[in-house]
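Asks: Chains as they are written, first to last, in the numbering used here: chain G, 1 to 441; chain S, 442 to 936. Where a beta carbon is used, it is the ideal one built from N, C-alpha and C, also for glycine. Only a predicted model underlies this, so the values are computations on that prediction, with no experimental measurement involved.
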């Protein structure tokens, strides 16, 4: 595992206060019995208690443990040790780990192996099948009611008019989102929360809102006719509504794609209201030349997977969730690769838009289309930014994108390769390659 | 043809007000269900539009930037710069930029917009050497960053903004001061008064008696800013008519009596008749200090506009001596205040040192002197003098640095690099006191960290008390963090 950078430690921190406290502890004078080996880092940190706190970090996945009573995870002692090892790695001399480190590592490997093993079912195969069927029927009933409620809400919205959205109270959106959650349709709830943020935030907000409402209506109509739809479309409908896919079953039954997968970007957003943190990771397969999206979730201070750092290449098998245009995926297995590569993208914007049209045809609800564009130059006309390709054709950048000048500075008027997300209206650049380096924006 | 845009216009008002569904090519919309029609049409038309869109045709060209001629700063340094630009250790930006420029390095392109966009203009001279060709290319594309363009000096003077014109003047003053005078005189009538004052101020560069005539003429200018700017420069020219006039008034008021058996006595009289000429020279105007009387104020104003070196020459005594006898004279307040301001305005180091030592060591000093501007005097002090003061104050085990000592604010405001020796004396003193409650000394540590040689960061990590009390704990952390960061900067920029 390459040494963590300060930015990565900052991302791991549960909040700013913990990170700042961690920085204060990133000095050798607070630590004794520091050490490291290929598998772990460890040390003892003097705190306000009588005994120093024992801190250990598992290098294979940045997992950690500390004996301090703090409820934050990772705590400031772990963060301090990470920062110390990043700034002065020589302080953690290679040595034999003390007992409390080896014990901890052994327990971790045992736990993850146990999770991999399939547990013996206690009940008979037949009775389990009956249970599953019964639960499925109940779920369908609940969902059908939820879908009907959603359709009515959409119709009311259409009748009242979009202008009412600007002055609608928060309850207008939140109540409906809550109703969707009650009906076990968390995906629908997320869609409602997303459109609630639209009014007033961009000049074309009303058009984007209408399109989204239209698509949601299409979704309700599709649900009613579920059985007559092709299987991949059914899967997309269910995925969008929030049906959970059993990830273990998925990994076991569907063949994955073997490839070198480059982590392009990793962003974590926290929903203030629900406390749910969503980590969106975008990857690119070298041979397959296609993107993959890995989603991880955590509540408030719970730890998120910290192994997907942008710039890392992971060699492994990736299984895509079934869809008419597969994007979301999970790793079946992976290991870190030393090499790096630049993804190959569309040579011009026309080719890119043709691909987009095809993708939309497969999945009309496609929200964000990940794309790599080669040989594009950012430029500004009348305060609006565009990406122009080698054939003098251009598409607009998202007006909310705040690093346009940085992008422009990186290009210097020369063509770049850019990975970004296209929503049918604007591009949001995420990662950039110049001739010499790659920069995550 | 119905577009998403036109459909949106209808949708804004809602179908409640009536809605005729459009005719679509492949989908039949229900006639009796306006809501379903609207929403379905929106989906079909909208998806069709975004799926079928063509990119814009854009013929505009951007002139590409030439390859960078200077070396990029190493990646580790770039990482530190980005942290500073995001707000961590902001105070270290000037030092970072100086070291980068000294190494002949340039900042990475993605940091250029943040650097160029710095609103604090005192940073601009530090930013320009490190932006490289890419930075200047960027500045051409954004009018807000025009200050970074190296325009031909004459062009800048004739066509530029106030900032550019003043910068052009400064450049010309360094090599051809006379030409600068010509330019300023030529444009005198057209230029705005505030601008004139700024241009006169640039004459500080390469100031000489040749500038005296134009400055003397400025004393008659209608605007106060121009008169003040001129006076500020004239008082640095010992032989100017301005200084000579005031000296002629002030000198007769002072008499130094040397007593044989020791003890000099300074006798000072107050000025009597203040004519129109005096007012022109700035005497008798608004009071320097409200509590002093009118004549005392006039005396202070006179003294504050005379280079203090004239006094040491006249009486043949060093500043410390004159200051100490002034303390016993009747009009000590206007005299000492005047000498402080004069020393600051003429950048006289000897007098500034004398004033600061008076302030730091004698209680009266804090009452008589102008505390708001004492920092200017502190900044003029020489390193050896400050170090001597430190060594005289901190002599373990006999005398330590008291928490109330004025040496602490002096060191905080002495914003110049310290020597290794002085750093050790002060920091060891702080370390000895870190086990006791303190207020001013611990609070001053982070400020010290900005000027202590960063190579000492590792050494100073050890030596603190096991259980630092109160304000010490947090401030020791800050101190070490700043020192370590500066050390990282230094190491990352060494090639």
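Apart from the five residues on each side of it in sequence, which residues of its chain come closer than 8 Å, Cβ to Cβ, to residue 435 of chain G?
Replies: Excluding its 5 nearest sequence neighbours in each direction, residue 435 of chain G has C-beta neighbours in its own chain below 8 Å: 414, listed in chain order.
Asks: To the nearest angstrom, report how far apart residue 619 of chain S and residue 590 of chain S are at their CA atoms.
Replies: 25 Å
Asks: Let me check understanding here. Comparing Cα to Cα, which of G:356, G:217, G:185 lies closest to residue 239 of chain G?
Replies: Put simply, of G:356, G:217, G:185 the residue whose alpha carbon is nearest the alpha carbon of residue 239 of chain G is G:185.
Asks: In chain order, what residues of the stretch 359 to 371 of chain G put their CB closer than 8 Å to some CB of chain S?
Replies: 360, 361, 364
Asks: Excluding the 5 residues flanking residue 395 of chain G on each side, which residues of the same chain have their C-beta closer than 7 Å to its C-beta?
Replies: Closer than 7 Å at Cβ, skipping near neighbours: 349, 386, 387, 427.
Asks: Give the interface partners of residue 243 of chain G over in chain S, defined as CB-CB distance under 8 Å, in chain order.
Replies: Simply none; closest approach about 21 Å.
Asks: Tell me the residue span of the alpha helix (DSSP H) that contains residue 834 of chain S.
Replies: 824 to 834
Asks: Between residue 77 of chain G and residue 540 of chain S, what straight-line distance do the alpha-carbon atoms span, to the nearest angstrom?
Replies: 33 Å
Asks: Spatial neighbours of residue 420 of chain G within its chain, please: C-beta separation below 6 Å, excluding the five flanking residues on both sides.
Replies: 427, 428, 429, 430
Asks: Kindly list, in the order they appear in chain S, the residues whose Cβ is closer than 7 Å to that of residue 439 of chain G.
Replies: Within chain S, the residues near residue 439 of chain G are 551.
Asks: Helix, strand or coil: how does DSSP classify residue 269 of chain G here?
Replies: strand
Asks: If distances are taken between C-alpha atoms only, which option among S:648, S:450, S:560 comes closest to residue 677 of chain S?
Replies: S:648
Asks: For the stretch 381 to 407 of chain G, which residues have a CB atom closer than 7 Å to at least one CB atom of chain S, in sequence order?
Replies: 381, 386, 388, 392, 393, 394, 395, 405, 406
Asks: The alpha helix (DSSP H) that contains residue 881 of chain S, what's its start and end?
Replies: 881 to 889
Asks: Going straight from the alpha carbon of residue 433 of chain G to that of residue 416 of chain G, what length do you get?
Replies: 6 Å
Asks: Give the DSSP bridge partners of residue 291 of chain G, in chain order.
Replies: G:284
Asks: Kindly indicate if chain G contains any beta-carbon less than 8 Å away from that of residue 931 of chain S.
Replies: no
Asks: Just to make sure I have the definition right: I need the residues of chain G whose C-beta is within less than 9 Å of the C-beta of residue 476 of chain S. Which are they?
Replies: 154, 155, 156, 157, 158, 159, 217
Asks: Quick check: is the beta carbon of residue 426 of chain G nearer than 8 Å to any beta carbon in chain S?
Replies: Interface criterion not met: the Cβ of residue 426 of chain G is under 8 Å from no Cβ in chain S.
Asks: Measuring only between beta-carbons, confirm whether residue 374 of chain G sits less than 8 Å from chain S.
Replies: no
Asks: Please classify residue 223 of chain G as buried or exposed, where buried requires at least 16 other C-beta atoms within 10 Å of its C-beta.
Replies: Buried, since its Cβ has 16 or more Cβ neighbours within 10 Å.
Asks: Could you give the residue range of the alpha helix (DSSP H) that holds residue 251 of chain G?
Replies: 247 to 253
Asks: Buried or exposed: residue 344 of chain G, going by 16 or more other Cβ atoms within 10 Å of its Cβ?
Replies: With fewer than 16 other Cβ atoms within 10 Å, it is exposed.
Asks: Comparing the C-beta of residue 694 of chain S with each C-beta of chain G, is any distance below 8 Å?
Replies: The Cβ of residue 694 of chain S sits no closer than 8 Å to any Cβ of chain G.
Asks: In whole angstroms, what separates the C-alpha of residue 522 of chain S from that of residue 381 of chain G?
Replies: 30 Å
Asks: Using a Cβ cut-off of 8 Å, pull out every chain S residue sitting near residue 353 of chain G, in sequence order please.
Replies: 494, 495, 496
Asks: Taking Cβ-Cβ distances below 8 Å as the criterion, which residues of the stretch 253 to 273 of chain G are in contact with chain S?
Replies: none
Asks: From the DSSP output, in three-state form, read off residue 800 of chain S for me.
Replies: helix
Asks: Say whether chain S places a C-beta atom closer than 8 Å to the C-beta of residue 379 of chain G.
Replies: Chain S has a Cβ within less than 8 Å of the Cβ of residue 379 of chain G.
Asks: Between the C-alpha atoms of residue 399 of chain G and residue 578 of chain S, what's the straight-line distance to the nearest angstrom?
Replies: Spanning the two alpha carbons is a distance of roughly 23 Å.
Asks: Hey, residue 575 of chain S and residue 516 of chain S: beta-carbon distance below 8 Å or not?
Replies: no
Asks: Considering only residues of the same chain and omitting the five flanking positions on each side of residue 891 of chain S, which have a CB-CB separation below 7 Å?
Replies: 532, 923
Asks: Tell me whether residue 315 of chain G sits in a helix, a strand or coil according to DSSP, three-state version.
Replies: strand
Asks: So what's residue 378 of chain G in DSSP terms, helix, strand or just coil?
Replies: strand
Asks: Which chain G residues are close to residue 505 of chain S, counting only those with a beta carbon under 7 Å from its beta carbon?
Replies: 412, 413, 414
Asks: Give the residues of chain S in contact with residue 29 of chain G, contact being defined as C-beta atoms less than 7 Å apart.
Replies: 902, 903
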